[in-house]
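Start counting the sequence shown at 1; every next residue gets the next number (the UniProt record's numbering). To start, the structure itself, in structure tokens.
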Amino acid sequence: MSNFLNSIKARRTIYAIGKNVSVDQAIIEETIREAVKQSPSSFNSQTSRVVTLFGESHTNFWNIVRETLRKIVPAEAFEGTNAKIDSFSAGFGTALFYEDQDVVKALQEQFALYADNFPVWSEHSTAIAQFATWTALSEIGIGASLQHYNPIVDAEVAETFGIPSNWKLRAQLVFGSIEAPAGEKTYMDDAARFKTFN
Ligand SMILES: Cc1cc2nc3c(=O)[nH]c(=O)nc-3n(C[C@H](O)[C@H](O)[C@H](O)COP(=O)(O)O)c2cc1C
């Protein structure tokens with residue numbers, strides 16, 4: 001199997017994450033930056049933006065999620081929610097994936113023929129960047145899971161971290177040391193999924 005296929009096979013959703021990371025923070029930052037920079041985007045528009053939170057900022061982010069959910073989740077169900085947020089907060093950092101809507105709008109105006117496609121391609125681009133980052137972090141021994149607390153936390157997160165209003169939050173990749181392996185993964189039948197014609 002190619003190195004790349006081995007890497008994408010090794011990437012998994014890791015929920016049991018911690019702060020026992022042996023890789024330097026600078027290496028993690030560089031890994032995230034390169035993974036996003038080298039990811040393709042439609043017309044090379046480079047719409048993806050990433051805010052990486054470590055230390056207190058990472059904790060603050062998960063506290064914003066916690067307090068937002070406290071207002072929404074029924075009191076009797078909140079204990080489970082709180083434990084889940086604790087498990088994310090226990091990680092080493094969080095990468096917030098944004099898409100720059102100003103760039104999307106400018107492309108829609110510039111290439112009217114493809115106007116409907118640019119928001120879709122922007123979603124494709126962030127997904128590719130998220131997957132590349134997730135896999136690259138896995139390669140350096142960092143476990144992660146992909147979360148989606150947008151849009152309920154967007155406004156407070158933007159205010160707290162000074163995020164431009166044209167950046168739209170799409171996903172949160174929370175990462176840290178791997179404290180327990182991923183669960184078993186099952187696969188549907190290839191026959192129901194792939195077709196080949198000669
Ligand atoms: C587009 C997308 C959205 C996802 N959203 C979440 C999420 O909100 N919360 C979560 O815990 N996992 C989320 N996941 C993780 C999937 O549940 C996980 O990738 C899938 O079960 C396969 O497991 P694996 O990542 O270990 O290969 C998401 C994955 C993808 C690709």
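The beta-carbon is built from N, C-alpha and C at its ideal position, and this holds for glycine as well. These figures come from a predicted structure and were not determined experimentally.
Check for me: the beta strand (DSSP E) holding residue i runs from which residue to which?
{"i": "Thr-52", "result": "48-54"}
Please state whether the Cβ-Cβ distance between residue i and residue j is less than 7 Å.
{"i": "Glu-99", "j": "Lys-37", "result": "no"}
{"i": "residue 227", "j": "Ser-125", "result": "As displayed, the chain neither begins before 1 nor continues past 198, which places residue 227 out of reach and without an answer."}
{"i": "Trp-62", "j": "Ile-32", "result": "no"}
{"i": "Arg-11", "j": "Phe-97", "result": "no"}
{"i": "Ser-177", "j": "Asn-20", "result": "yes"}
{"i": "Gly-143", "j": "Ile-17", "result": "yes"}
{"i": "Gly-80", "j": "Phe-175", "result": "no"}
{"i": "Ala-26", "j": "Ala-132", "result": "no"}
{"i": "Asn-166", "j": "Gln-101", "result": "yes"}
{"i": "Thr-13", "j": "Ala-182", "result": "yes"}
{"i": "Glu-156", "j": "Ile-64", "result": "yes"}
{"i": "Ser-39", "j": "Ile-128", "result": "yes"}
{"i": "Thr-160", "j": "Ala-95", "result": "no"}
{"i": "Pro-119", "j": "Val-104", "result": "yes"}
{"i": "Ser-7", "j": "Thr-135", "result": "yes"}
{"i": "Thr-59", "j": "Ser-87", "result": "no"}
{"i": "Gln-147", "j": "Gln-172", "result": "yes"}
{"i": "Gly-93", "j": "Phe-43", "result": "no"}
What are the partner residues of residue i, as DSSP defines its beta bridges?
{"i": "Val-174", "result": "Thr-94, Ser-145"}
{"i": "Ala-99", "result": "Looking at the sequence shown, residue 99 is not Ala but Glu. Glu-99 is bridged to Ser-48, Lys-168."}
{"i": "Phe-17", "result": "Note that residue 17 is Ile in the sequence shown here, rather than Phe. Partner(s): Ile-178."}
Under 6 Å: does the beta carbon of residue i sit that close to some heavy atom of ligand 1?
{"i": "Ala-180", "result": "no"}
{"i": "His-124", "result": "no"}
{"i": "Leu-69", "result": "no"}
{"i": "Gln-147", "result": "yes"}
{"i": "Arg-66", "result": "no"}
{"i": "Arg-193", "result": "no"}
{"i": "Arg-33", "result": "no"}
{"i": "Arg-12", "result": "yes"}
Tell me where the alpha helix (DSSP H) around residue i begins and ends.
{"i": "Gln-130", "result": "117-139"}
{"i": "Ser-7", "result": "3-10"}
{"i": "Ala-112", "result": "Per DSSP, Ala-112 belongs to no alpha helix (DSSP H) and is neither H nor E."}
{"i": "Ser-42", "result": "From DSSP, Ser-42 is part of no alpha helix (DSSP H); its letter is neither H nor E."}
{"i": "Ile-85", "result": "78-89"}
{"i": "Glu-156", "result": "154-161"}
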